[in-house]
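Trainee: What follows is a single structure, and I will ask about it in a moment.
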Amino acid sequence: DIEVADFVALDLEFSGLFLNTAREGALSLDLYYKKCRDSIPHFLPLQLGICCARHRPQADRPPDAQGPTGAAWELRCHEFNLWPQDRRLFTADMQSLRFLRAHGFDFNAFFEHAHAYARLPRSSASGAAAAVKRLPGWHATKVLDALRRAGVPIVVHNGLLDLLHLYDKFFGDLPETREEFAQAWLSEFRLLFDTRAIAQEGRFQVFRNLSGGLSLEDLHRHLSALPGGLGDRQGPRLERADAPGDGKKPA
Numbered sequence: 001d002i003e004v005a006d007f008v009a010l011d012l013e014f015s016g017l018f019l020n021t022a023r024e025g026a027l028s029l030d031l032y033y034k035k036c037r038d039s040i041p042h043f044l045p046l047q048l049g050i051c052c053a054r055h056r057p058q059a060d061r062p063p064d065a066q067g068p069t070g071a072a073w074e075l076r077c078h079e080f081n082l083w084p085q086d087r088r089l090f091t092a093d094m095q096s097l098r099f100l101r102a103h104g105f106d107f108n109a110f111f112e113h114a115h116a117y118a119r120l121p122r123s124s125a126s127g128a129a130a131a132v133k134r135l136p137g138w139h140a141t142k143v144l145d146a147l148r149r150a151g152v153p154i155v156v157h158n159g160l161l162d163l164l165h166l167y168d169k170f171f172g173d174l175p176e177t178r179e180e181f182a183q184a185w186l187s188e189f190r191l192l193f194d195t196r197a198i199a200q201e202g203r204f205q206v207f208r209n210l211s212g213g214l215s216l217e218d219l220h221r222h223l224s225a226l227p228g229g230l231g232d233r234q235g236p237r238l239e240r241a242d243a244p245g246d247g248k249k250p251a
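Taking full-length UniProt numbering, the leading residue of the sequence shown gets 1, the next gets one more, and so forth.
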């Protein structure tokens, strides 16, 4: 799925967000990065969700495709419960855990079916490919390796914490400054899009004309109501393509 995708959307669920939960005024980018950097090593990513999106022109769609004819975006979604390969102590925020439980997170499945993960060797390191190949097929690290090798654009929504966790857990310690982190991230993944940043600062500045929140749901609701948008029959069509198996295997 990753190798043929036009882009891959990512989302993580965490055991907590920040060590310091006191209310603070507006922080500069440097101070916010420091706050994130101080907190992220203490928390775990509990689940990684990926959606592999592929544009299928009408001529390229399988003959048994359901729904109206014409081009469509084919979506293949996977969820991976995550658990560190090596024993480690971590921090859990009860407020975050309650939020996950209220939104349907299955903690029993998390403990029973979690996929181990570990840091990837640098792509330039000698023997890196062989080291990854030796990992079991269900190892979550293989998902990140596939993303890195495919070089497909990565899409997030308000995804700085997701990116920082992915780097910290799968690649290496977080750099001291945000500029160094940007360079380190781009050395692994060249193309990145944050839909919240695009909606706020992009050419159309969608969120500036939107009453309400800045969540992905708010953005989807707004775009669905536009002529030619997601809710328009003449607009782009999305098709969910169920992946084979139980959805617990790496893509």
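Quick reminder that beta carbons are idealized off the backbone N, C-alpha and C, glycines included.
Taking the alpha carbon of Glu176 as the point to measure from, which residue in Glu24, Glu3, Tyr33 has its own alpha carbon closest?
Mentor: Answer by Cα proximity: Tyr33.
Trainee: Would you check if the distance between the CB atom of Cys77 and the CB atom of Cys51 is smaller than 8 Å?
Mentor: Contact flag set, yes.
Trainee: Please state the DSSP three-state secondary structure of Asp194.
Mentor: Of the three classes helix, strand and coil, the one that applies to Asp194 here is strand, per DSSP.
Trainee: Just to confirm my understanding: we take His42, look at its own chain, exclude 5 residues before and 5 after, and list those with CB closer than 7 Å. What are they?
Mentor: For His42, where only same-chain residues beyond five positions count, the Cβ hits under 7 Å are Leu19, Phe90, Thr91.
Trainee: Could you name the residues of the same chain whose beta carbon sits closer than 6 Å to that of Arg203, not counting the 5 residues immediately before and after it, in chain order?
Mentor: Hits under 6 Å: none found.
Trainee: What number of angstroms, rounded off, separates the C-alpha of Tyr167 from the C-alpha of Gln47?
Mentor: Tyr167 and Gln47: Cα-Cα distance of roughly 15 Å.
Trainee: Quick one: Cα of Ala26 to Cα of Gly159, how far?
Mentor: Each residue's alpha carbon lies about 18 Å from the other.
Trainee: State buried or exposed for Asp1, treating a residue as buried only when at least 16 other CB atoms are found within 10 Å of its CB.
Mentor: Its Cβ being crowded by 16 or more others within 10 Å, Asp1 is buried.
Trainee: Pick helix, strand or coil for Phe207, following the three-state DSSP scheme.
Mentor: Helix.
Trainee: How big is the Cα-Cα spacing for Asp106 and Leu223?
Mentor: Using only the alpha carbons, I get a separation of about 30 Å.
Trainee: Pairs of beta-carbons, one from the region 141-160 and one from the region 178-193, closer than 8 Å: are there three or more?
Mentor: A contact exists between the region 141-160 and the region 178-193.
Trainee: Taking DSSP as the reference, what is the three-state secondary structure of Ile40?
Mentor: Reduced to three states, the DSSP call for Ile40 is helix.
Trainee: Pick from Gly213, Arg149, Ala199, Ala182: whose alpha carbon is nearest that of Leu29?
Mentor: It is Ala182 whose Cα lies nearest to the Cα of Leu29.
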